[in-house]
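Working notes, structure below.
Chains as they are written, first to last, in this note's numbering: chain A, 330 to 523; chain B, 851 to 1817.
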């Protein structure tokens, strides 16, 4: 709040109390603030193994490293502790955790309470389908050795915690194109420009 | 694996990853990583310039190490260099590194922004997408400042590729979330709305997300999106043969887009235009109909996607809350799901029904499912589902089924998971109180609660039962009898001993006529538990004993013997020792009349919000207790509606020396000190016991007159046994300052404390003036401002120490700088200590720093006001309170108070000219919360109805508490 502290500094110099009142206030900005809180969004997506090893982490909110580590630890512990044949949802603090197991891999999303749980399950499923299409019968090792690809694919699909492109064709076309294009583009770009 | 052959396999990276995976131990892994880090560092520092490929490889290795959970403190510069590479793969890795390891290093951010700027300008869609993703991933304020102006242009430009449009829309959405003030509104907004008509469904999906977010902030600006969204939705949902190609997901047409459109519509009230409304109703009916059709696929993905749309449609129906037909259909559909074999659906049905239960149209329909829900509580294997069942039972409870629901919850409690026991206890306690027709049932329920789950019964619960028993004389005899019987159990929970001790101490006389519960038997029964109890309970029992001395003079000698015993008089615990000493003296020297006055029956408690509700609210995050408002509304007329508010005499200030009259017995002292200044408590208590205490007892006779003239010294008991009450009572002082900033905060024979304060946005400054009223110097004068518990993080208060000596008749000034970090409930406490005439004085006053001080008034038109009012229609956002006027109902005074409260008083807004409306924004460092309020006076009944709507539940609650005390 740099602007506000300046006001306080001025305050020290001028004895009167009225300076605060005299300050012009932008009512438009004030009215704008009414609904910020109502936004619902996904907070994070984590992929970890049956042994609790983190394979991928994606954060859609600004949050410190320590807090991230704490969340990752709590998520792996509580999701792995869940009994089989229970539902895919779990309450955790103010968030709703939606998770799903794919063979040895767990995917887990933290979302706000009011968000659509079933659709979140399908977001995870679509992501796995995309990985599957790219790697062909994807397994945990693919994600370990090609972690950067797993991130790229997620980026094509989700952005800011929202689904960007739901068409499997479009996403995989995008990724294949960039895979192919990089060769031609590299050749193209490395040509001398004269 | 085809992937490895795809373009850019980095062999060095693959080898490194294999090495790590082959490590046998954590130590070996760390060793390998350190070796690699040293290698990379030397490469980066080396004289030879690295080629792009190597740089990419090493940056990628660093990223991998970071993702393993190790700290990385270098390589950022190399990653930034990769951004300017012409090679796509290098650029991509550079961006990935920055996205994952963002650093707020401003130097670097400038360079990164530079790279992004170049890529955005490159007109190469792939590069533009990378740049937009990076902005969205990092989302920092610096980036928002640099790019919010450009992105809308990219979004609406005619020649932008579809994929870039999608990225731009979501990128803007992310920036709007992190820095909403920076996203400019303008002519582009109308063009964004028209993206809802775009050919490309991917663009529509991304645009819908963006519009939803923006519309929540600026509903007026995006109003036209309603009809567009309805027609888009209708084209997806109702037309039989649309080929959506790849946007059909397991036979469900565009589920993501449908859900987003339904979500967008939840930003608005039902469409006013008949045609649009009809079309929407048709869509919703179609979605409900489709739920009955046989599935087109057996795959779980099909049913999930279909039901995701269905649940979102039901959310919209509940949000509109205007079509009884749809609401009842929704309820029936959820009823079917309650017995579905999919656990997920049962869970979601229970959850959705909770919100449905609060609608007047569907409340009855929800209630018909009570048996199923109770059954779920008993048979579900999954604790998440059982938890939802408890929530739903709580939400559907009303007078007609309260007995059954409470009984079932109590049953369940015996076997409930430990993680949710406390919450169930709170819910049972609330329901039992709220719907008690017969208070004997209420008392039985709470005692059962203590019997079954004593460990989970929080203080609030047993305070509350005592408050209620004291306030209702029809239930006192029954309670005394019941607790007496319950105490017969050989092993009873300590909480029962507390309740029993308190109630018998007050009303033991009501059952003393029965020879089976004669005074001596009562006393012996309680005393048999004494030695098994903790110190606070023993302290309470000692108070019960002294009350017995008054109630039953015949056992006075027995009690005096107990008090006189070494285990009491020389108890190692100062509090117990002090009580024993003082009570013993009191019983010896005071006449019966005086005893009767001092130990008079407790006065009724002032009506206040049930502390249990507050506790439940704290436990559950905002928005999780569905019918809180209703609870509040009903409470006034329900439980203690008949009890007129009675002011409790214990003041906000507790002096610790016996020379003042407020706290003769020192009862109020310990808890207040304990809760206020733990560090100093020990010290001053010692002083009390060893130096001041005996004069205190000796001077008892002199001061007796003065002290006992205060009719309810007995209420000191409340203070001592219920720290919450001690703090609460003090609110009266704080309330004085809610609508004004200057005045005298506190005054006694020794000193006067004056206040002047000013607030601006989230900052404030308070001048405190301490005046020494005596002619003697105060020594070792020191003050401390204490923010307890959560308040520590919510308020930031800075001050300088004052001069330790205050001359007689002089005044010293102290300045507090206050920053409000987030919204808060409690007030900070000012603790003052000084020596006066050799005795240490210690007092605590609540500082009137209240949430409303951080208001900035907002002027708005009538239309705007009601538009916003409607937008804040989620039940948790509203708090309403109906209360009796405490002061004459003068319009001008009321206006002045509302303005003093900090909001703008809006004239001509309410159709009824006698009502008052106001609007303002609470500024805190973290968030700003808009607030609308409406005050409706009823001069005939001398009542007010106050309604507050804000986007944050806790804020609504707090502001309502504060303002309702003012009239």
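Even glycine gets a Cβ: it sits at the ideal position worked out from N, Cα and C. Just so you know, these numbers come straight off a predicted model, no measurement behind them.
According to the neighbour-count rule (16 or more other Cβ atoms, all chains shown, within 10 Å of its Cβ), is residue 362 (chain A) buried or exposed? In the first chain, the residue the question calls residue 362 (chain A) occupies position 33. Per-residue confidence for residue 362 (chain A) stands at a pLDDT of 32, beneath the threshold of 50, marking its modelled position as unreliable; no derived number is given.
Beta-carbon of residue 1698 (chain B) versus every beta-carbon of chain A: anything under 9 Å? Within the second chain, numbered from 1, the residue matching residue 1698 (chain B) stands at position 848. It does not; no Cβ of chain A falls within 9 Å.
For residue 1534 (chain B) and residue 1624 (chain B), what's the separation of their Cα atoms in angstroms? In the second chain, counting from the first residue as 1, residue 1534 (chain B) sits at position 684. In the second chain, counting from the first residue as 1, residue 1624 (chain B) sits at position 774. For residue 1534 (chain B), the pLDDT reaches just 34, beneath the cut-off of 50, and the residue's location in the model is therefore unreliable, leaving the point undetermined.
Is the CB-CB distance between residue 1173 (chain B) and residue 1131 (chain B) below 9 Å? What you label residue 1173 (chain B) is simply residue 323 of the second chain in a count that begins at 1. What you label residue 1131 (chain B) is simply residue 281 of the second chain in a count that begins at 1. Taking 9 Å as the Cβ cut-off, residue 1173 (chain B) and residue 1131 (chain B) qualify as a contacting pair.
Residue 1290 (chain B) by DSSP, collapsed to three states: which one? Numbered from its first residue, the second chain carries residue 1290 (chain B) at position 440. DSSP places residue 1290 (chain B) in helix when its eight states are reduced to three.
Restricting to runs no shorter than 3 residues, where is the beta strand (DSSP E) found entirely within the segment 1657-1738 of chain B? 1661-1670, 1679-1686, 1689-1696, 1705-1707, 1728-1734
Have a look at residue 1043 (chain B) and residue 1178 (chain B) and give me their C-alpha separation to the nearest angstrom. Stepping through the second chain from its first residue, residue 1043 (chain B) is reached at position 193. Stepping through the second chain from its first residue, residue 1178 (chain B) is reached at position 328. Cα to Cα, the separation comes out at about 33 Å.
Using three-state DSSP, classify residue 489 (chain A) as helix, strand or coil. Start at 1 with the first residue of the first chain, and residue 489 (chain A) comes out as number 160. Note: residue 489 (chain A) maps to coil in three-state DSSP.
Report buried or exposed for residue 1157 (chain B), applying the criterion of at least 16 other Cβ atoms within 10 angstroms of its Cβ. Here residue 1157 (chain B) refers to the residue found at position 307 of the second chain. When all chains shown are included, residue 1157 (chain B) counts as buried.
How would you label residue 1056 (chain B), buried or exposed, when you count the other beta carbons within 10 angstroms and need 16 or more for buried? Translated into the one-based positions of the second chain, residue 1056 (chain B) becomes position 206. Result: buried.
Taking Cβ to Cβ, would you say residue 1638 (chain B) is nearer than 9 Å to residue 1655 (chain B)? The residue given as residue 1638 (chain B) occupies position 788 in the second chain. The residue given as residue 1655 (chain B) occupies position 805 in the second chain. No, Cβ-Cβ distance for residue 1638 (chain B) and residue 1655 (chain B) is not below 9 Å.
Hey, residue 1808 (chain B) and residue 1673 (chain B): beta-carbon distance below 9 Å or not? Counted from its first residue, the second chain places residue 1808 (chain B) at position 958. Counted from its first residue, the second chain places residue 1673 (chain B) at position 823. Cβ atoms of residue 1808 (chain B) and residue 1673 (chain B): closer than 9 Å.
Are the segment 1336-1354 of chain B and the segment 1379-1399 of chain B in contact at 8 Å, needing three or more beta carbon pairs? yes
From which residue to which residue does the beta strand (DSSP E) around residue 1785 (chain B) run? In the second chain, counting from the first residue as 1, residue 1785 (chain B) sits at position 935. Taken as a continuous stretch (DSSP letters only), the beta strand (DSSP E) holding residue 1785 (chain B) covers 1778-1788.
Does the CB of residue 1194 (chain B) have a neighbour CB from chain A at under 9 Å? Numbered from 1 along the second chain, position 344 holds the residue referred to as residue 1194 (chain B). Output row for residue 1194 (chain B): interface = yes.
Limits of the alpha helix (DSSP H) - the one that residue 1204 (chain B) falls within: Start at 1 with the first residue of the second chain, and residue 1204 (chain B) comes out as number 354. From DSSP, the alpha helix (DSSP H) with residue 1204 (chain B) extends over 1193-1206.
Only counting the same chain, and skipping five residues up and downstream in sequence, which positions put a Cβ closer than 7 Å to that of residue 1144 (chain B)? Walking along the second chain from the start, residue 1144 (chain B) turns up at place 294. Taken in chain order, the list of residues that qualify is empty.
Which residue or residues does DSSP assign as beta-bridge partners of residue 1609 (chain B)? Translated into positions along the second chain, residue 1609 (chain B) becomes position 759. According to DSSP, residue 1609 (chain B) bridges with B:1614.
Going straight from the alpha carbon of residue 1718 (chain B) to that of residue 373 (chain A), what length do you get? Within the second chain, residue 1718 (chain B) is the residue found at index 868, counting from 1. Within the first chain, residue 373 (chain A) is the residue found at index 44, counting from 1. Cα to Cα, the separation comes out at about 31 Å.
Taking just the CA atoms, how far does residue 1733 (chain B) sit from residue 1789 (chain B)? On the second chain, residue 1789 (chain B) is found 939 positions in, with the first residue counted as 1. On the second chain, residue 1733 (chain B) is found 883 positions in, with the first residue counted as 1. When rounded, the distance between both Cα atoms is 12 Å.
Alpha-carbon to alpha-carbon, residue 1020 (chain B) and residue 492 (chain A): The residue you call residue 492 (chain A) lines up with position 163 of the first chain. The residue you call residue 1020 (chain B) lines up with position 170 of the second chain. Cα-Cα distance, rounded: 9 Å.
Taking only runs that begin and end inside the segment 897-984 of chain B, name each unbroken alpha helix (DSSP H) of 4 or more residues, in chain order. 902-917, 926-933, 938-950, 956-971
Given this structure, state the Cα-to-Cα distance separating residue 806 (chain B) from residue 1436 (chain B), to the nearest angstrom. Here chain B has residues from 851 to 1817 only, and residue 806 (chain B) is not among them.
Kindly list the residues whose CB is nearer than 6 Å to the CB of residue 1683 (chain B), restricted to its own chain and excluding five residues on each side of it in sequence; keep chain order. Within the second chain, numbered from 1, the residue matching residue 1683 (chain B) stands at position 833. Here the set comprises 1632, 1692.
What is the residue span of the alpha helix (DSSP H) that residue 1266 (chain B) lies within? The count along the second chain starts at 1 and reaches residue 1266 (chain B) at position 416. Taken as a continuous stretch (DSSP letters only), residue 1266 (chain B) belongs to no alpha helix (DSSP H), as it is neither H nor E.
Mind checking if residue 408 (chain A) is an interface residue toward chain B, Cβ cutoff 9 Å exclusive? Position 79 of the first chain, counted from the start, is the residue given in the question as residue 408 (chain A). No, residue 408 (chain A) lies away from the interface with chain B (no Cβ there is under 9 Å from its Cβ).
Which word fits residue 865 (chain B), buried or exposed, when buried means at least 16 other C-beta atoms lie within 10 angstroms of its C-beta? One-based indexing of the second chain puts residue 865 (chain B) at position 15. Result: exposed.
For residue 1001 (chain B) and residue 964 (chain B), the rounded distance between their alpha carbons: Locating residue 964 (chain B) in the second chain gives position 114, counting from the first residue. Locating residue 1001 (chain B) in the second chain gives position 151, counting from the first residue. So the two alpha carbons sit approximately 15 Å from each other.
Rounded separation between residue 1114 (chain B) and residue 1054 (chain B) - CA only: Along the second chain, read from residue 1 onward, the residue named residue 1114 (chain B) stands at position 264. Along the second chain, read from residue 1 onward, the residue named residue 1054 (chain B) stands at position 204. The alpha-carbon atoms of residue 1114 (chain B) and residue 1054 (chain B) are separated by roughly 12 Å.
Any contact between the segment 1064-1080 of chain B and the segment 469-477 of chain A? By contact I mean 3 or more CB pairs, one from each, below 8 Å. no
Under 9 Å, do residue 1680 (chain B) and residue 1701 (chain B) count as touching if we go by C-beta distance? As a first step, residue 1680 (chain B) is located in the second chain; it is residue number 830 there, counting from the start. As a first step, residue 1701 (chain B) is located in the second chain; it is residue number 851 there, counting from the start. No, the Cβ-Cβ distance between residue 1680 (chain B) and residue 1701 (chain B) is not below 9 Å.
Close-in-space but distant-in-sequence residues of the same chain around residue 1264 (chain B) (CB under 7 Å, 5 per side omitted): Along the second chain, read from residue 1 onward, the residue named residue 1264 (chain B) stands at position 414. Same-chain partners within the cutoff: 1302.
Is any beta-carbon of chain A found at less than 9 Å from that of residue 919 (chain B)? Counted from its first residue, the second chain places residue 919 (chain B) at position 69. Output row for residue 919 (chain B): interface = yes.
Pick from B:1778, B:1750, B:1777: whose alpha carbon is nearest that of residue 1768 (chain B)? On the second chain, residue 1768 (chain B) is found 918 positions in, with the first residue counted as 1. Of B:1778, B:1750, B:1777, the residue nearest in Cα terms is B:1750.
Per DSSP, what kind of secondary structure is residue 1646 (chain B) in: helix, strand or coil? Taking the first residue of the second chain as 1, we reach residue 1646 (chain B) at position 796. Note: residue 1646 (chain B) maps to strand in three-state DSSP.
In this structure, how does DSSP classify residue 1769 (chain B) when only helix, strand and coil are distinguished? On the second chain, position 919 is the one that residue 1769 (chain B) refers to. Correct three-state label for residue 1769 (chain B): strand.
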